[in-house]
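Taking it in order: structure first as structure tokens, then the write-up.
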Amino acid sequence: MDALRRTRIEPWELDLIRSIASRYSNQVDPDDLAGELSAFLLRFKGKDVKMADRKAYLTKSLLRRADRITNAWKRRRDRDISLDSLVSEEGGDIRLADLLSAEDADTAVLDGLLSMYEQLPREQRRLWDLLIEECGDTAKVARRLGRPRTSVDYHIQKLRRLLGGGDRGR
């Protein structure tokens, strides 16, 4: 019975999730946010936490989680570049999509990246893969690696030096 209670979302919890998701409807898709919050709630219910006022604690936890999720989605959205945006080239402005579709530039860049990737040590390749999977979020990469964030930042700088990029932005 106790295991069933931990894996079942109560109606009041579902209403709470919906109301929190609707608060953020002008920033993100409320259905996506509700799905993320539901998954968080199930993980939360799996833990055995004792508290005086469960509803207040859960509300605050879900609001914090919603803030983190929407901020991450906004950062990701701000980093996106439209393929219709114009890029200055020698002959004038050109659409980014046209520039990327140029076969010779595409192949040269991809071949260069692939050869650099293959020359990296195994740990650096793992870091590269995780950075891509987590959209550059070093906190998530640190959690997945089980290392402190400062250690991950150090290894990112090391990766930049190995790739010849120096310490851009740091």
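Numbering (our numbering), first residue to last: 7 to 176. The beta-carbon is built from N, C-alpha and C at its ideal position, and this holds for glycine as well.
Checklist entry - Since L68 and I23 are thought to touch, with beta carbons under 8 angstroms apart, how far apart are those beta carbons, to the nearest angstrom? => result Sequence index remark: in the sequence shown, residue 68 carries index 62 (1-based). Sequence index remark: in the sequence shown, residue 23 carries index 17 (1-based). Indeed, because the Cβ distance is near 7 angstroms, the residues count as touching under 8 angstroms.
Checklist entry - Terminal residues of the continuous alpha helix (DSSP H) containing Q33? => result Counting from one through the sequence shown, the residue named residue 33 turns up at place 27. No residue range can be given for Q33, since it is assigned to no alpha helix (DSSP H) and is classified by DSSP as neither H nor E.
Next on the checklist: Could you tell me the alpha carbon to alpha carbon distance between R167 and P127, rounded to whole angstroms?
Outcome noted: Residue numbering aside, residue 167 sits at position 161 when the sequence shown is read from its first letter. Residue numbering aside, residue 127 sits at position 121 when the sequence shown is read from its first letter. Distance between the alpha carbons of R167 and P127 is about 13 angstroms.
Item to check | Limits of the unbroken alpha helix (DSSP H) element including I138 | outcome: The residue given as residue 138 occupies position 132 in the sequence shown. Run containing I138: R128 to E139, per the alpha helix (DSSP H) assignment.
Checklist entry - Can you tell me the Cα-Cα spacing of L47 and K80, whole angstroms? => result One-based indexing of the sequence shown puts residue 47 at position 41. One-based indexing of the sequence shown puts residue 80 at position 74. If I take the Cα positions, the gap works out to 22 angstroms.
Checklist entry - Just how far apart, CA to CA, sit G118 and S44? => result What you label residue 118 is simply residue 112 of the sequence shown in a count that begins at 1. What you label residue 44 is simply residue 38 of the sequence shown in a count that begins at 1. For G118 and S44, the distance between alpha carbons rounds to 42 angstroms.
Next on the checklist: Here's the rule: buried if 16 or more other CB atoms are within 10 angstroms of the residue's CB, otherwise exposed. What is I138?
Outcome noted: In the sequence shown, residue 138 corresponds to position 132, counting from 1. For I138, the number of other beta carbons within 10 angstroms of its own is below 16, and it is reported as exposed.
Checklist entry - Beta-carbon separation of L136 and R150 under 8 angstroms? => result Reading the sequence shown from its first residue, position 130 is the one you call residue 136. Reading the sequence shown from its first residue, position 144 is the one you call residue 150. Going by beta carbons, L136 and R150 fall inside the 8 angstroms limit.
Checklist entry - Does the separation of the CB atoms of Y30 and A72 fall below 8 angstroms? => result In the sequence shown, residue 30 corresponds to position 24, counting from 1. In the sequence shown, residue 72 corresponds to position 66, counting from 1. Cβ atoms of Y30 and A72: closer than 8 angstroms.
Next on the checklist: Judging by CA-CA distance, which residue of K53, L64, A58 and S28 is the nearest neighbour of E19?
Outcome noted: Counted from its first residue, the sequence shown places residue 19 at position 13. Answer by Cα proximity: L64.
Item to check | Contact under 8 angstroms by Cβ, E42 with I75 | outcome: In the sequence shown, counting from the first residue as 1, residue 42 sits at position 36. In the sequence shown, counting from the first residue as 1, residue 75 sits at position 69. Yes, the pair counts as a contact, with Cβ atoms nearer than the cut-off.
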